[in-house]
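A.B. asks: Can you read through this structure? Questions will come right after.
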Amino acid sequence: MHTTRYHLKDIILLALIGIIFGVIYYAGDFLYNGFTILLTPFGLGPMANDLTMGLWCMAGPLAAMLLQRPGAAFFGEFLGAAGEMFLGGQWGAANLISGFVQGIATELGFTFTGYRRYNWFSLTLTTLTATLVTFGWDWFRNGYAHFSGQLDLLLLGARFVSIFLFSGVLVKLISNLLVRAHVIKTVRS
Amino acid sequence: MNPSLKLFLVLIISVEVSFTSKLTVNLLLVAAGLILLLWTRPSGLTLTHLLLIPAIPAGALALTVGAFTPAHDWFFAAVLASRVYVYVLLGSAVTRTTPPLTLARSLEQNCHLPAKFAYGTLAAINLLPRIIRAVKTIKAAGQMRGVTLSFWSPRLYFKAILSAISWADQLAQAMESHGFVEDQPRSQAQVIPLTGRDWALGASALLLVQLALVALP
Amino acid sequence: MTQAIDLQKLTFSYQAGKPVLAIDQLTIPRGRLILFSGPSGSGKSTLLRLLAGLLPKYGGKLAPGARLNLTAGECGLMFQDPGLQFALDTPRHELEFTLENDRVPAGEIPARVTTALKAAGIEALADRQLATLSGGEQQRAALAVLLALDRPLLLLDEPFASLDVANRHQLMARLVDQVAAGKTVIIADHDLAGYRQYRPLVVAFDQGSARLLEAAAADQRLAAADRPVTIPARPTAAFAPALTGEDLRLAHGDQELLVQPTLALPKERITLLTGESGSGKSTFLSALARLSPYQGQLIYAGKELSRFSRRRWGRTVGLVFQHASDQFLNVTVGEELALSQRQGRQPYFTPTKLAAALDQLGLAGLEERVVYSLSGGQQKKLQLLVMLMMGQPVLLLDEPFAGLDPASVAAVKELINACQACQPATIVLVSHQLAGLAGWVDCHLHLTQRYFTDQGRVDHES
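Heads up: the protein sequence lines correspond to chains A, B and C, in order. Going by the numbering used here, the residue at position 36 of the first sequence is 36; the numbering climbs one at a time, nothing skipped. Going by the numbering used here, the residue at position 152 of the second sequence is 1152; the numbering climbs one at a time, nothing skipped. Going by the numbering used here, the residue at position 432 of the third sequence is 2432; the numbering climbs one at a time, nothing skipped.
Right under this line is the structure:
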């Protein structure tokens, strides 16, 4: 049985990963605002949220691939959000709610595979759960329920593409490098 | 007010607001958040930042709902826009009145959060300047080899994660040599009180929001 | 006084069959100042961490049968990297955190914090953000934590690596006080310069073995380290400049490092920069690479540095980082070489010449190896090679010889000479290690009191 305990070192690492991703896609913030301004005149303003969602959901799957134990994805997202809360992010404590939702969203793919697979399959599954859970949350929070069915489908599609590309493909490419550098010891499949 | 209680209160209210559509309640909460925010005497720049940047998502949501949905529901558009401001203003009201260490101490003492989570996260937060410098260094190392690394480049993340692993290792060792032992009781330099007054304040604030949600249109 | 520290049959390894430390027997007296001396990678730091109980907990394996009459609880350890040893934001908070860990009753904490701050001489810094303090101030804060812990053994791992002279003296004075108070202080340092006056005992490390030196042998080593080395050099004005500076100012936090009215770095020559550690030489290189901010002007090819695009500047200036692993972008040695072959512009490296260079540097046949698993020396040599292959017109070298044995230093110098003969670059080099540099460098600037002084003499034939 793989370890399920979290030591101090793991906790620091999880929080660091969350914050590092935040620093790297700080550019994502501009991207988000830029997309929003660009898309709003076409009635697609909320789509910026969907298009950048993959970036916000990267830390979780990557933490899971790195530490390979229950809760890693959740902590990766949540501790990162807790860090950002104090690093001058405009959302303050509201970060924690998004971090919580995204943590659960990205954890589920690994839960459904019994925390035994850390490969393409579980990663793809996680991009699906992440898409559905975060979309479900926006259904209420961002009023997606009030949009036309057509727009919702479009947003759902955009969100899946973004999450699949960043939280799926890119995370897999990064973890491939980590595997080859012997940082991730074995990928159990 | 006790930091943990304050945090949970704001989180509960934020979640509640997400599932209800009462414009007046939202506006009241925005007003409350604004007062709390002004109480912390923010600089002009911070204030502008906090008020203007959320205007982008808020405006986009409102326009989409109001102008582009079949129902042209401008009332709901206003609800959504004000909701964004509830998150931002209440959220920053917490962070601006609570230093990270005080919140960590409160979570450790009042909520019995294991110290390793509280201090591990704080240690990571304090590395921010180094993280920013490391990302710059990785990008420069790339430029010097004719490679431009951006947020879609696996190698940028790969290198950053390698650094993070070594920092986490060194920081954990340093904390341990500063006497930290996981799951061992610690004493408290500063006791964060959780008084009956805190509970009363939290409960009445929550009750007030519930009443408002039921009573107001 | 308690009995001496005694180690028996201590064999420690990270990879099976490759012990980094193999000590049959070593006795370290208590109540003294002790220096662990030896080149980097010789096992000094490993032994400190073993004594402090951090190893093998944080990696590696201790062979069975080892005996050590010391418990981890007797030791406090201070680290080389000042910025990576605090969990909290200010010295006061870190001290409180430490005392809480030791379960000091709340009532006693404020008094003990004040005592420790005073003993380390940092009362004025108590509530400053650690991240904004200089390396020296951070190390004094780390010392305050060590003093607050009040352990009988103080272990310090290369504590002066980023400290200027003033801070170093201050810190040493406090440590000598501790020895006088009956504590044992062990410092690991690859550079013995400046220690002789404190009359330390010296434990010499060599490829994992360690022995306590006799007084005479120790003194000889300490004296040798203090002997000045002269590097013959010519004035920078004798050459056409490649890079010039005007009213240049560099700072770290609120500490001013450099105030230089004029500066010229000679074109296609090798210029050596020396100066006390922590004086700002590395910061100067990183300013040239546009990784650190500076005030004033730095001009290259008639243009201010900031007018170049990042991309263009990367093709113009190569910085060989102090930490070799910062340079690598790939996983294996082969991939690193392939990238530099693809992007490099140094015509010297034809496939045959590259193979010869790999051979000369002892890197041949390692293509499949993961770069991060190479030894420190191999990483350094690979790093230098891949950057030489890039062939930038300006090449900045930050401690390129650190951790290299004399044969490797000679091989690296020869390779640089060959490249210079083929397509010369303006080379600026920061090095503590001066052995072998006489006659090789063209110019020499020495940084003291925030100013680079040209050490070149007209009458020297270089």
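Think of the CB as a built atom: it goes at the ideal place given N, C-alpha and C, for glycine as much as any other residue.
1) Looking at the ligand FMN, does it come within less than 7 Å of Gln2260 of chain C, judged from the CB to the closest heavy atom?
2) At which residues does the alpha helix (DSSP H) containing Cys2419 of chain C begin and terminate?
3) Would you list the one or two residues that DSSP bridges to Val2202 of chain C?
4) Across which residues does DSSP place Glu2246 of chain C in a beta bridge pair?
5) Going by DSSP, what residue range makes up the beta strand (DSSP E) through Gln2463 of chain C?
6) Anything in the segment 2365-2376 of chain C with a Cβ closer than 9 Å to a Cβ of chain A? List those residues in chain order, please.
7) Does Ala181 of chain A get closer than 8 Å to chain C when you measure Cβ to Cβ?
8) Determine, using beta-carbon pairs with one atom in the segment 2167-2175 of chain C and one in the segment 2130-2147 of chain C, whether at least three such pairs fall under 8 Å.
9) Name the residues in the segment 1099-1120 of chain B whose C-beta lies less than 7 Å from a C-beta of chain C; which are they?
10) With distances taken between CB atoms, is the gap from Ala2356 of chain C to Val2317 of chain C smaller than 8 Å?
11) When the Cβ atoms of the segment 65-74 of chain A are set against those of the segment 94-113 of chain A, are three or more pairs found closer than 8 Å?
12) What's the call for Arg69 of chain A, buried or exposed, on a 16-neighbour Cβ count within 10 Å?
13) Is it right to say Ile1035 of chain B is buried, meaning 16 or more other beta carbons lie within 10 angstroms of its own, or is it exposed?
14) If you draw a straight line from the C-alpha of Gln2322 of chain C to the C-alpha of Leu2396 of chain C, how long is it?
15) Please return the same chain residues whose Cβ sits closer than 6 Å to the Cβ of Asp138 of chain A, not counting the five positions on each side in sequence.
16) Taking CB distances under 8 Å as the criterion, tell me whether Arg2103 of chain C reaches chain B.
17) Would you say Leu1171 of chain B reaches chain C, if we count a Cβ-Cβ gap shorter than 8 Å as a contact?
18) Going along chain C, which residues have a C-beta under 8 Å from Thr1137 of chain B?
19) What does the Cβ neighbour count give for Leu2086 of chain C, buried or exposed, with the cut at 16 atoms within 10 Å?
20) May I ask which residues mark the beginning and end of the beta strand (DSSP E) holding Phe2452 of chain C?
21) So, helix, strand or coil for Ile2270 of chain C, using DSSP?
22) Could you spell out where the beta strand (DSSP E) holding Ile2005 of chain C opens and where it closes?
23) Measuring only the C-alpha atoms, how far is Ala2161 of chain C from Arg2234 of chain C?
24) Chain C beta carbons: is any one of them nearer than 8 Å to that of Leu44 of chain A?
25) Within the same chain, show all residues whose beta-carbon is closer than 8 Å to that of Met47 of chain A, passing over the 5 residues directly before and after it, in chain order.
26) Could you compute how far the alpha carbon of Leu1127 of chain B sits from the alpha carbon of Val23 of chain A?
27) Can you tell me whether Asp2398 of chain C is helix, strand or coil according to DSSP?
28) On the criterion of 16 or more Cβ atoms from any shown chain inside 10 Å, does Gly2278 of chain C qualify as buried, or is it exposed?
29) Is the distance from the Cβ of Val171 of chain A to the Cβ of Leu51 of chain A below 8 Å?
30) Of the residues that make up the segment 14-25 of chain A, which ones have a beta carbon closer than 7 Å to any beta carbon in chain B?
31) Would you verify that the beta carbon of Leu173 of chain A is, or is not, closer than 8 Å to some beta carbon of chain C?
32) 8 Å is my cut-off, CB to CB: does Glu2100 of chain C come that close to chain B?
33) For a cutoff of 8 Å on Cβ pairs, would you count Gly1146 of chain B as touching chain C?
34) In angstroms, rounded to a whole number, what distance separates the CA positions of Ser1166 of chain B and Leu16 of chain A?
35) For Arg1083 of chain B, which of helix, strand or coil comes out of DSSP?
36) Quick check: what's the CA-CA separation for Leu1962 of chain C versus Asn2417 of chain C?
C.D. replies: The structure says:
1) Summarising the ligand content, the structure contains no ligands, and the ligand FMN is consequently not present.
2) 2406-2422
3) Per DSSP, C:Leu2035.
4) C:Thr2262, C:Gln2297
5) The shown model of chain C, from 2001 to 2462, leaves out residue 2463 of chain C, and the question about it has no answer.
6) Val2370, Val2371, Tyr2372, Ser2373
7) yes
8) yes
9) Cβ proximity to chain C below 7 Å picks out Leu1101, Tyr1119 from the segment 1099-1120 of chain B.
10) no
11) yes
12) buried
13) Its Cβ having fewer than 16 others within 10 Å, Ile1035 of chain B is exposed.
14) As the crow flies, the alpha-carbon of Gln2322 of chain C is around 10 Å from that of Leu2396 of chain C.
15) Tyr144
16) yes
17) yes
18) Leu2291, Phe2321, Asp2326
19) According to the sequence as given, residue 2086 of chain C is Phe; it is not Leu. Counting Cβ neighbours within 10 Å, Phe2086 of chain C comes out buried, since at least 16 surround it.
20) Note, Phe2452 of chain C: beta strand (DSSP E), 2451-2454.
21) strand
22) 2005-2015
23) 29 Å
24) no
25) Non-local beta-carbon contacts of Met47 of chain A in its own chain, meaning distances under 8 Å to residues more than five positions away in sequence, involve Phe35, Leu39, Leu154, Leu155, Ala158 in chain order.
26) Leu1127 of chain B and Val23 of chain A have their C-alpha atoms spaced approximately 12 Å apart.
27) Asp2398 of chain C falls in the strand class under three-state DSSP.
28) buried
29) no
30) Ala15, Leu16, Ile17, Ile19, Ile20, Val23, Ile24, Tyr25
31) Nearest CB-CB separation between Leu173 of chain A and chain C: not below the 8 Å threshold.
32) Among the residues facing chain B, Glu2100 of chain C is included, as its CB has a counterpart in that chain under 8 Å away.
33) yes
34) 11 Å
35) Of the three classes helix, strand and coil, the one that applies to Arg1083 of chain B here is helix, per DSSP.
36) Outside the modelled stretch of chain C, which goes from 2001 to 2462, sits residue 1962 of chain C, for which no answer is possible.
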